[in-house]
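Novice:
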Amino acid sequence: MQFQISPPNTQFVSPKSGFLTAEAYRFLSQGNRQGNGVTVTPVITLSDDQSTFPNSRTLQVATDELTKTESDTDLTLGLADAGTAGAFGSDSETIQIQVDDKGRVIAVVAFELNTDNITEGIANLFFTIQRARAVISGAAGRIAYDAATGVVDLQTGVVAPGSFTSANITVDAYGRVTAAASGGGTSGFTGSGLFTNLTFVDGLCTAAS
Numbered sequence: 208m209q210f211q212i213s214p215p216n217t218q219f220v221s222p223k224s225g226f227l228t229a230e231a232y233r234f235l236s237q238g239n240r241q242g243n244g245v246t247v248t249p250v251i252t253l254s255d256d257q258s259t260f261p262n263s264r265t266l267q268v269a270t271d272e273l274t275k276t277e278s279d280t281d282l283t284l285g286l287a288d289a290g291t292a293g294a295f296g297s298d299s300e301t302i303q304i305q306v307d308d309k310g311r312v313i314a315v316v317a318f319e320l321n322t323d324n325i326t327e328g329i330a331n332l333f334f335t336i337q338r339a340r341a342v343i344s345g346a347a348g349r350i351a352y353d354a355a356t357g358v359v360d361l362q363t364g365v366v367a368p369g370s371f372t373s374a375n376i377t378v379d380a381y382g383r384v385t386a387a388a389s390g391g392g393t394s395g396f397t398g399s400g401l402f403t404n405l406t407f408v409d410g411l412c413t414a415a416s
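Put into structure tokens, the structure is as follows:
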């Protein structure tokens, strides 16, 4: 069997799409039908053209996931915009990110690093003035402490304040007077002038003249 196939008077590959032209595809298909051994394979096209390319597969891009850009010489596929580009987070912020099922970051929210936005742990608790005051206590009978205000003072009421003569006093291990009372001894002489007669009782001057 003899047959003759005339090649098309056009380019085999479109300079715009980079794929076979319709004329080239018909030429190859004719050759295959005539038994010249050319294998028929699916052809990717930019639009549905089953009438020209029975084995064509139209190139589709997923909405909101890929982009398709055509020029006279190229076909470019790219990723679609998924969120707002930029830098997020700082020394005083932490960020929360949202990722879609394709692994793309689609949302970013920045939060200030403060106790309003950070969950408190169990062992390491946040510092507060109230907590600090609560762990302080005054020694019973010695130190007075007000946990509401944080004021520390000496315990009152240990001994009645006053002046004591020939006093009998009790001092505790912390140097505090815990008891005081006037003694029954003779009071000393008080006064000024020139005296020749002095009276002493138990080593204490009680009179002078």
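Here the sequence shown is numbered in my numbering, starting from 208 and rising by one per residue. Each residue gets a CB set at the ideal place from its N, CA and C atoms; glycine is no exception.
Is Ala317 closer than 8 Å to Gly296 when the C-beta atoms are compared?
Specialist: Residue mapping note: residue 296 aligns to position 89 of the sequence shown, counting from 1. Residue mapping note: residue 317 aligns to position 110 of the sequence shown, counting from 1. Against a cut-off of 8 Å, the Cβ pair of Ala317 and Gly296 comes out as a contact.
Novice: Are at least three pairs of beta-carbons, each pair with one atom in the segment 319–334 and one in the segment 343–353, less than 8 Å apart?
Specialist: no
Novice: Quick one: residues in its chain with C-beta nearer than 6 Å to the C-beta of Ala387, no 5 flanking neighbours on either side, listed in chain order?
Specialist: The count along the sequence shown starts at 1 and reaches residue 387 at position 180. Closer than 6 Å at Cβ, skipping near neighbours: Val366, Phe371, Ala374 and Ile376.
Novice: Compute the beta-carbon to beta-carbon distance between Leu253 and Ser299, rounded to the nearest angstrom, for a pair I have assumed lies under 8 Å.
Specialist: Start at 1 with the first residue of the sequence shown, and residue 253 comes out as number 46. Start at 1 with the first residue of the sequence shown, and residue 299 comes out as number 92. 50 Å between Cβ atoms; not a contact.
Novice: In angstroms with no decimal places, state the Cα-to-Cα distance between Glu327 and Asp360.
Specialist: Sequence index remark: in the sequence shown, residue 327 carries index 120 (1-based). Sequence index remark: in the sequence shown, residue 360 carries index 153 (1-based). Rounded to the nearest angstrom, the two C-alpha atoms are 34 Å apart.
Novice: Buried or exposed: Phe234, going by 16 or more other Cβ atoms within 10 Å of its Cβ?
Specialist: Position 27 of the sequence shown, counting from 1, holds the residue named residue 234. Counting Cβ neighbours within 10 Å, Phe234 comes out buried, since at least 16 surround it.
Novice: Contact defined as beta carbons within less than 8 Å: I believe Asp271 pairs with Ala287. What is the distance between those atoms, to the nearest angstrom?
Specialist: As a first step, residue 271 is located in the sequence shown; it is residue number 64 there, counting from the start. As a first step, residue 287 is located in the sequence shown; it is residue number 80 there, counting from the start. With a Cβ gap of about 5 Å, Asp271 and Ala287 count as contacting.
Novice: For Leu429 and Ile313, I'd like the C-alpha separation in whole angstroms.
Specialist: No answer is possible for residue 429: the residues shown for the chain start at 208 and end at 416.
Novice: On the criterion of 16 or more Cβ atoms from any shown chain inside 10 Å, does Phe402 qualify as buried, or is it exposed?
Specialist: Along the sequence shown, one-based indexing puts residue 402 at 195. Exposed, by the Cβ-count rule.
Novice: From Thr301 to Thr265, what distance separates their C-alpha atoms?
Specialist: As a working mapping, residue 301 is identified with position 94 in the sequence shown. As a working mapping, residue 265 is identified with position 58 in the sequence shown. Distance between the alpha carbons of Thr301 and Thr265 is about 45 Å.
Novice: Output the boundary residues of the alpha helix (DSSP H) element that contains Gln337.
Specialist: As a first step, residue 337 must be located in the sequence shown, where it is residue number 130. From DSSP, the alpha helix (DSSP H) with Gln337 extends over Ile336 to Ala341.
Novice: Return the first residue and the last residue of the beta strand (DSSP E) that Glu277 is part of.
Specialist: By 1-based counting over the sequence shown, the position of residue 277 is 70. Where Glu277 is concerned, the enclosing beta strand (DSSP E) stretches over Leu273 to Glu277.
Novice: In chain order, what residues of the same chain have a beta carbon less than 8 Å from the beta carbon of Val438, not counting five sequence neighbours either side?
Specialist: One cannot answer for residue 438 here, as it falls past the ends of the chain, which runs 208 to 416.
Novice: Bridge partners for Phe407 per DSSP, in chain order?
Specialist: On the sequence shown, residue 407 is found 200 positions in, with the first residue counted as 1. Bridge partners of Phe407: Cys412.
Novice: Could you tell me the distance, in whole angstroms, from the CA atom of Asp290 to the CA atom of Lys275?
Specialist: On the sequence shown, position 83 is the one that residue 290 refers to. On the sequence shown, position 68 is the one that residue 275 refers to. For clarity, residue 290 is Gly in the given sequence; the question names Asp instead. Cα-Cα distance, rounded: 18 Å.
Novice: Kindly indicate the opening and closing residues of the beta strand (DSSP E) around Gln267.
Specialist: Translated into the one-based positions of the sequence shown, residue 267 becomes position 60. No beta strand (DSSP E) holds Gln267; DSSP gives it neither H nor E.
Novice: Using the three-state DSSP reduction, which class does Leu235 fall into: helix, strand or coil?
Specialist: Here residue 235 is taken as the residue at index 28 of the sequence shown, counted from 1. Looking at Leu235 - three-state DSSP - the assignment turns out to be helix.
Novice: Straight-line CA distance for Gly310 to Ser278?
Specialist: Taking the sequence shown and counting its residues from 1, the one referred to as residue 310 is at position 103. Taking the sequence shown and counting its residues from 1, the one referred to as residue 278 is at position 71. So the two alpha carbons sit approximately 29 Å from each other.
Novice: Could you please give the first and the last residue of the uninterrupted beta strand (DSSP E) stretch that includes Ala330?
Specialist: In the sequence shown, the residue the question calls residue 330 occupies position 123. Unbroken run through Ala330: none, as it is neither H nor E.
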